[in-house]
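Undergrad:
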């Protein structure tokens, strides 16, 4: 069994009944791949077809097309060719446009002729060059993983079976099997970054370490595996910390900040990427500034990014959106009251504060709801939250505790109002006040008593 046959058998990329399309340019790499595939034994060899794109960028393009057609005939496999008429007129962006045209054609052939696998002849040197190119250009970590050996494509998948072979090994195979092929003269030009890396950079690296191509290929593989692993974990965290919609993301600030700085950055970047699909426009500096701001800001504040984006903080909730979007404040799930004689914003229409007794009642907002609690009976901080299953509380005129659900039912409170009601909870978990509905047994009417805390809730109905 040849090394290539062993690789094919081990990976189980295809079966004899699969229809496999091989991209053949006429160069040594694709010619070797075609020969290796056609030499597979019947128990491994699939149904084979050849696809070739004539870019019409060089005088020999037509000769190469005819060469590939004759080769396909010699191997007794069908050949599908496409002539790119616009190629001869392009002055810039040729490499990118040519690649796009090739893969569009390959996908079309796969759909029209029922091929479910596409093979390309990318090899280990291509992988090393790709890794260097991506490191030079920058971008997201997951974009630096190099060329994947297999991924979904069109109606099936694309496979690169030669990624374990070096260019030297492919040339040796061609020489040993007396395979004819065409040299692409454009590969000698330093017009493209890949060629400059191939001609100038890689040889210098190989002079330092002859195994550098293999090491770069191993790096790409290990990085791809690492990214796959951390992405799985990241997605699990993401759904807990960040709520996504089409035009913004809403972040649970305490949950975000409970993780390490590195995880915080990954979560924000992943959330931004999913919502805006153009994460590159978000400078890494903005994410760093946002995390610094979250550590120091409190209450209701805003941070603007360049490029038309803004971060809006409402206590424990962060919303990132376009500046031209109306600000949407969602009622936070929980507000921690740790400072007295200060107002806390629960929502754009709701305020709450804990004040020392002796407060001038004339200074309280009109229609404010007020509760007086002995200071000795409670410890700060207090928490404001909405109801949870199993909540119970004591109340004036009652014995023991009673389910909050029953209190609401007895008072005929509609369900939507029950869900929106604020509960003031002491450190021990004791509910002091179901605001607007029930006060705990500890409450009293002595607003001027110097040993009391005065809890004040204000809702501005005019803004609703």
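Residue numbers (our numbering): 3 to 466.
For glycine and all other residues, C-beta sits at the position ideal for the given N, C-alpha and C.
Treat the numbers as computed from the prediction; the structure is a model and nothing was measured.
#1: Rounded to whole angstroms, what is the Cα-Cα separation between residue 218 and residue 199?
#2: Please state if the CB of residue 81 and the CB of residue 74 are separated by a distance shorter than 8 Å.
#3: Confirm, please, whether the CB-CB distance from residue 9 to residue 202 is below 8 Å.
#4: Locate the alpha helix (DSSP H) running through residue 453, then write down its first and last residues.
#5: How many angstroms separate the CA atom of residue 104 from the CA atom of residue 53?
#6: With distance defined between alpha-carbon atoms, name the residue in 76, 7, 60 nearest to residue 467.
#7: Could you pull out every residue in the same chain whose Cβ sits closer than 6 Å to the Cβ of residue 307, ignoring the five residues on either side in sequence?
#8: Per DSSP, which residues does residue 254 bridge with? Please list them.
#9: Would residue 64 pass as a contact of residue 56 if the rule is Cβ separation under 8 Å?
#10: Would you mind stating whether residue 126 and residue 229 have Cβ atoms separated by less than 8 Å?
#11: Whole angstroms are fine: how far does the CA of residue 387 sit from the CA of residue 108?
#12: Among 425, 260, 407, which residue has its Cα nearest to the Cα of residue 417?
#13: Alpha carbon to alpha carbon, what distance is there between residue 320 and residue 329?
#14: Within 10 angstroms of its Cβ, does residue 272 collect 16 or more other Cβ (buried), or is it exposed?
#15: For residue 298, which of 256, 311, 409, 102 has the nearest alpha-carbon?
#16: Quick one: grab the DSSP three-state call for residue 295.
#17: Just curious, the alpha helix (DSSP H) that residue 132 is in, first and last residue?
#18: For residue 429, which residues in the same chain have their Cβ closer than 6 Å to its Cβ, ignoring the five residues on either side in sequence?
#19: So, do the stretch 29-41 and the stretch 180-192 have three or more beta carbon pairs nearer to each other than 8 Å?
#20: Taking only three categories from DSSP, how would you classify residue 13?
#21: With a 10 Å radius around its C-beta and 16 neighbouring C-beta atoms as the bar for buried, classify residue 191 as buried or exposed.
#22: How many Å lie between residue 194 and residue 278 at the Cα?
#23: What residues are listed by DSSP as bridge partners for residue 4?
#24: Less than 8 Å between the CB atoms is what I'm expecting for residue 188 and residue 60, so what's the real figure, rounded?
#25: Does residue 12 pass the burial test, meaning 16 or more other C-beta atoms within 10 Å, or should it be called exposed?
#26: Give the straight-line distance between the Cα atoms of residue 235 and residue 269, rounded to the nearest whole angstrom.
#27: Let me make sure I understand the geometry here. Which of 253, 133, 258, 14 has the alpha-carbon closest to that of residue 322?
#28: Please say whether residue 274 and residue 251 have beta carbons closer to each other than 8 Å?
#29: By how many angstroms is the C-alpha of residue 152 removed from the C-alpha of residue 159?
#30: Quick one: give me the first and last residue of the alpha helix (DSSP H) that residue 105 is part of.
#31: Have a look at 247, 112, 24, 62 and flag the residue whose alpha-carbon is nearest the alpha-carbon of residue 77.
#32: With H, G and I counted as helix, E and B as strand and the rest as coil, what does DSSP make of residue 123?
#33: I'd like the list of long-range same chain contacts for residue 461, defined as Cβ closer than 7 Å, with 5 residues on each side in sequence excluded.
#34: From 316, 162, 116, pick the residue whose C-alpha is nearest to that of residue 128; which is it?
#35: Go ahead and pull the three-state DSSP assignment for residue 144.
#36: If I'm right that residue 339 touches residue 383 with Cβ under 8 Å, what's the distance once you round it to whole angstroms?
TA: In terms of the structure at hand:
#1: Residue 218 and residue 199: Cα-Cα distance of roughly 13 Å.
#2: Yes; because the gap between Cβ atoms is below 8 Å, this pair is in contact.
#3: Contact: no.
#4: Element bounds for residue 453: n/a, residue is neither H nor E.
#5: Between the alpha carbons of residue 104 and residue 53 lies a distance of about 9 Å.
#6: With the chain represented from 3 up to 466, any question about residue 467 goes unanswered, as that position is not in the structure.
#7: Excluding sequence neighbours, residue 307 sits near 288.
#8: According to DSSP, which records beta bridges pairwise, residue 254 is partnered with 319.
#9: Closer than 8 Å, so yes.
#10: Contact: no.
#11: Each residue's Cα considered, the two are about 57 Å apart.
#12: When each option's Cα is compared against that of residue 417, the closest is 407.
#13: Bear in mind that the predicted position of residue 329 carries a pLDDT of just 46, short of 50, making it unreliable; the figure below should be weighed with that in mind. Answer to the nearest angstrom: the Cα atoms are 11 Å apart.
#14: Around the C-beta of residue 272, 16 or more other C-beta atoms lie within 10 Å, and the residue is accordingly described as buried.
#15: Closest option to residue 298, Cα to Cα, is 256.
#16: The answer is helix: DSSP assigns residue 295 an H, G or I state.
#17: 126-139 is the extent of the alpha helix (DSSP H) around residue 132.
#18: So the qualifying residues of the chain are 381.
#19: A contact is defined here as three or more CB-CB pairs under 8 Å, and the stretch 29-41 meets this definition with respect to the stretch 180-192.
#20: Residue 13: helix per DSSP, three-state reduction.
#21: Classification for residue 191: exposed.
#22: If you take the alpha carbons of residue 194 and residue 278, they lie about 31 Å apart.
#23: DSSP, once it has assigned bridges, lists no residue as partnering residue 4.
#24: Rounded, the Cβ-Cβ distance is 7 Å, consistent with contact.
#25: Under the 10 Å beta carbon count, residue 12 is surrounded by fewer than 16 other beta carbons and is classified as exposed.
#26: If you take the alpha carbons of residue 235 and residue 269, they lie about 11 Å apart.
#27: It is 253.
#28: Result yes, Cβ atoms of residue 251 and residue 274 sit closer than 8 Å.
#29: Rounded to the nearest angstrom, the two C-alpha atoms are 7 Å apart.
#30: Unbroken alpha helix (DSSP H) run through residue 105: 96-115.
#31: Looking at the Cα atoms, 24 is the closest of the given residues.
#32: The answer is coil: DSSP assigns residue 123 none of H, G, I, E or B.
#33: Here the set comprises 351, 352.
#34: Taking only the C-alpha atoms, the option nearest residue 128 is 162.
#35: DSSP places residue 144 in the helix class (H, G or I) of the three-state scheme.
#36: Contact flag correct, Cβ pair sits at about 6 Å.
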